[in-house]
Every structure is written in structure tokens, then in C-alpha cells.
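Take a look at the structure below.
There are 2 protein chains.
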Amino acid sequence: MISKSQISFIKSLHQKKFRKEHGLFIVEGLKSFSEFIGSGYEIDSVFHTEDLSPKLSKLSQNVKIYRVSTEELSKISALNTPQHLLAIIKIPENPEIKPENLKGTFHIVIDGIQDPGNLGTIIRTADWFGFKYIICSQDTVEVYNPKVVQATMGSLPRVKLIYTDLINFFAGTDLPVFGALLDGNSIYKTDFGNEGLILLGNEGKGISTGLMSKITVPVTIPRFGKAESLNVAVSASIFCSEIRRNS
Amino acid sequence: MISKSQISFIKSLHQKKFRKEHGLFIVEGLKSFSEFIGSGYEIDSVFHTEDLSPKLSKLSQNVKIYRVSTEELSKISALNTPQHLLAIIKIPENPEIKPENLKGTFHIVIDGIQDPGNLGTIIRTADWFGFKYIICSQDTVEVYNPKVVQATMGSLPRVKLIYTDLINFFAGTDLPVFGALLDGNSIYKTDFGNEGLILLGNEGKGISTGLMSKITVPVTIPRFGKAESLNVAVSASIFCSEIRRNS
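Put into C-alpha cells, the structure is as follows:
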């Protein structure tokens, strides 16, 4: 049983403004939620419809657990098809970037991606290929948007997202920058070496003009047909795969 | 100016049942719509808010053209953010598959993908990499769903989708079947040869049990991190890219 004020509080977390104000975000579904247990994220509360006692017994004593009806869950869920469990989790501090932590491997840099599904899919793909950091421009869609969290399919606890000013960020690193462009070198002939940054631009506008000069290696996924462009999460995935296939 | 009955007719095309009944589907946005002009698809009507006269002058005399207000367009649009133009296009006949047309190259076979965004992204990716046919099981999401059409970003006229019984389909072809599985051979070490079918399963359930025996080469995208799986459109893209990189 949950109160009307709880319902309206949780629903407010569907909006960025209130997530920021309260420092909380929503994760839905037992499978995705399980990945947050013991991951370092602080769990505030859990609302569930089914008997999940064995799984929930692993949670710390401080987590508030509420058994709710399917109807109550549908009132607080951000999904079209609610998934038996909704958890409220504390938003961690935006991690700091220490340039030395980025050396010796590859990271994804995102310049203004707007679609939550695209960002979530990139996080999931980064987790599959073992990329640990994603550096995002300040105008990239917020990672705690419920649609982003949903699309990550539980990968969020394993991938660190850092929102920062990309101009400053590039000024502080000497890693090679592989920019995903339509007129670069073929990705199949690119030597990625053993470290670097993969820079991906906005869905419609691509990489910002101000960042173009930061690209050290322009890279293109060759086109064999006639589509005008690839989806940005698809491009990201092909970059991740090409880097790993040679590692 | 459009009538109330036109509005309710167009809105009915947001639903599969009425698309089937009327043999019509919706395409939104000038860019996507332009790809259908002269493509062999028969255009029924166009509703637009802005002055598009030069572009619309290329259309056949039989196409009905309506200038509408932004408010009217928002009433008939299936998008959250309507895009100045909505066209109604005739659904073509489900093309027949002639096995001889499939020889000598690669095609995508889809077993029960449900998410419209995933199917649309696969069509767009297929068009980028020059794959011309996608063979879909009967329970795959319908290609004329507005969300599929939207996600194709105008690639639909260049990729032929065929909905068919996959058991029968596989019985009639001797092409190698590369199945996307979690426990196959590394895709980086797979010799795809010069023709074949890439079989992709449903988002949650994977490839149906009944189709597993049709797979001649089980193929896996190696995992370097900890995500449980990859998004199916991402997997499809990495398969397409691997096949083309070696071609």
C-alpha cells in the first residue's frame, strides 16, 4: 500500500527537474535492478508486486521495501508495461576524470546525443565490449532518464558516465581522438593502436563544429548501399567491435 | 483544411488492423517521404504545413495534396513531434521470394523481432551496407507500423521485406545459415564466404527452438565485458559490417 503523496513523489522522478532536486532516479524490472545490488549505488526504496523475498533479503536494512498492487505499480511506473518492481536509487556524484585513468585503453565520448534509447543502447554495448567510461557533453540526454536506464538493460552500474565540457576535456588529454564522420578513413583500414577516444556526434547534426579540430583520426564506416547515415548507437557498436576484434 | 472524417480515417492508420483493411500506411517527414517518390511505391495523398510546392511538383497528378495547419497535422500524426508532412502510401504486395534471387550474396532473416525501433534500425543498417532483402517470420513486428517506418529514416523503399513461414523458407534454400547466438564461433574468426543468411532472434527469447536445427554456422560476437546480451539491431549491424569488411 502506498500513499497518494508517495505516488506523486515517485511520478515526479519521471522528470529531470525533480530527479535533480531529490538526487534520486528510477530503475524498473527485477533483472535490471539486481545489477544495482552491491554495485556501489545506494538503494533508497523498492516497490514490488510479486513475492521476491529471497532476492530482496540481500538488500541492506536501510532500504525501504513496499509490497504494492499491480494497479499501484502502474501508477508509479514510467513504462507502458510495468515490470513487477520499481526501485528508487540515489544519483551518485558525477565522477571526476583523472586523465591517468583513461590511458592505455579506449573510451567513448558523446557530443550531444538526444535520444534516450540511443544513449542506453550505447551504455549496454560499451558494457558488452568492456568499455568502462563514457564522457558526455553537458547537452547529452541525462543518463537517469527512465528511458535511458531501461535501454541499458542493467548495464548502468558497470559503465561510468561523466558529463563535462568537452572542449576542456580534450584540452586535458593527449589520447588520439577517432571521430565518427561520413568522410574519414575506412574503419576497416584504421589502426586504432592501444588507446584512444571514440567521438560520436548528435543524431542530426553530427559532431559540433567546435570539436572538429580535436579529431586526430577521422574514421568512416564504409557505405555499400544508399542510406544517408547510420543510427549513432549502431555506429558506436561497430567502432567498439572493430577496436576489440584487433585487440 | 481536412474534415473530421479524414482525421479519423488517417488516425485509424496508426493501427495495424486498419492499415491491413485499407492497404495504406503513413510516412512522416519530407526527408523520409522524398525517398518514396519514384521508388515504385504508390503515393495516395500528402498533407503538409509548409510551402513545399517545388518538391511536391514531382509527384504524379493522381496524388491528392492538402495544405493543412500545424494543429491539423498534429491531429493526424503518429509522432510526438510532427514533421511538417504526412503522406499516405499504398502497401505493396508481399513480394515473392525466388530462391535464385537470393544466391550469391547475403540476406538478413528475422525471427520474431517485436520492437519497432529495432526493426526500423535494422532496415536502415541493411540499406547502409547494401543488403536488399530481409526475410521475416510472420510474428515479426509489422514493417508499416509508423514507429518502424520512422526508424528506417527513409531506407524502406530500398530494402524488400518478406513475411513468410521461416520453416518453409529454410526448407527451400541451401544457403548457409549464420545464426546469431551467445555460444557460437567468434564472428571475428568466421569465414562468411560469399553468400548466406544471417538469422537473428527475438529480443528476449532469441532464435526459436524450431529453427535452431537450420543454423549451419553458429556465430557469436565475443563479449569483453559483462552485459548479458547485445541489442538485436546492434548485433545485426556488427554482422553486416563483418561481412562487408571482408568483401
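Chains A and B, in that order, give the protein sequences.
Number 216 in our numbering belongs to position 224 of the first sequence; there are no gaps in the numbering.
Number 110 in our numbering belongs to position 118 of the second sequence; there are no gaps in the numbering.
Heads up, the beta-carbon is just placed ideally off N, CA and C, and yes, glycines get one too.
Keep in mind that this is a model prediction, so the values were computed, not measured.
The criterion of a C-beta distance shorter than 8 Å is not satisfied by I114/A and I127/A. At least 8 Å separates the beta-carbon of A225/B from that of I100/B.
Ranked by Cα distance from T156/B, the options F17/B, G104/B, I2/B, I81/B are led by G104/B. Bridge partners of F39/B according to DSSP: Y58/B, L78/B.
A Cβ of chain A is located within less than 8 Å of the beta carbon of D119/B. DSSP, reduced to helix, strand and coil, places T117/B within a helical segment of the structure shown. Contacts with chain A (Cβ-Cβ distance below 9 Å) from the region 134 to 153 of chain B involve A143, T144, M145, G146, S147, R150, V151, listed in chain order. The beta carbon of L94/B does not come within 8 Å of any beta carbon belonging to chain A, so the residue lies off that interface.
Burial check for G30/B: the Cβ neighbour count within 10 Å stays below 16, so the residue is exposed. Non-local C-beta neighbours of F10/A in its own chain, meaning closer than 6 Å and more than five positions away in sequence, comprise S4, ordered along the chain. Between G193/B and chain A, the shortest Cβ-Cβ separation is not below 8 Å. Cα atoms of P87/B and N93/B: separation of roughly 12 Å, rounded to the nearest angstrom. In the structure shown, the three-state DSSP call for H6/A is coil. Close to I230/A, with beta-carbon spacing below 8 Å, are these residues of chain B in chain order: S229, I230, S233. Under the three-state reduction of DSSP, V141/A is assigned to helix. For a Cβ distance threshold of 7 Å, residue set T113, T117, A225, V226, S229 of chain A lies close to V226/B, ordered along the chain.
For A219/A, at least one C-beta of chain B is nearer than 8 Å to its own C-beta. Put simply, the CB of F216/A is near chain B, with a gap under 8 Å to one of its CB atoms. A straight-line Cα-Cα distance of about 50 Å links C232/B and S(-3)/A. By the neighbour-count definition (other C-beta atoms within 10 Å, threshold 16), A163/A is an exposed residue. Linking Q106/A to Q7/A through their CA atoms gives a straight-line distance of about 15 Å. Annotation for L158/B: the continuous alpha helix (DSSP H) segment containing it runs 158 to 163. Per DSSP, reduced to three states, the secondary structure at F1/A is helical.
Taking the Cα of S69/A as reference, the smallest distance to any Cα among R59/A, I(-1)/A, S52/A, K90/A is reached at I(-1)/A. With 16 or more other CB atoms across the displayed protein chains lying within 10 angstroms of its CB, S24/B is buried.
DSSP places S227/A within a helical segment (H, G or I) once states are collapsed to three.
Taking 7 Å as the Cβ-Cβ cut-off, the region 172 to 199 of chain B approaches chain A at Y180, given in chain order. Cα atoms of I81/B and F17/B: separation of roughly 5 Å, rounded to the nearest angstrom.
Here S129/B is bridged, per DSSP, to T156/B.
Contact of L71/B with chain A by beta-carbon distance below 9 Å is absent, the smallest such distance being about 13 Å. The C-beta of I213/B comes closer than 8 Å to at least one C-beta of chain A. In this structure, DSSP gives E63/A a helical state, which the three-state scheme calls helix.
Spanning the alpha carbons of V169/A and F121/A requires a straight line of approximately 19 Å. Within chain A, not a single residue places a beta-carbon under 9 Å from that of G32/B; the smallest gap is close to 14 Å.
Below 8 Å, enough C-beta pairs join the region 133 to 150 of chain A and the region 26 to 44 of chain A to call them touching: three or more. In the structure shown, the three-state DSSP call for F123/B is coil.
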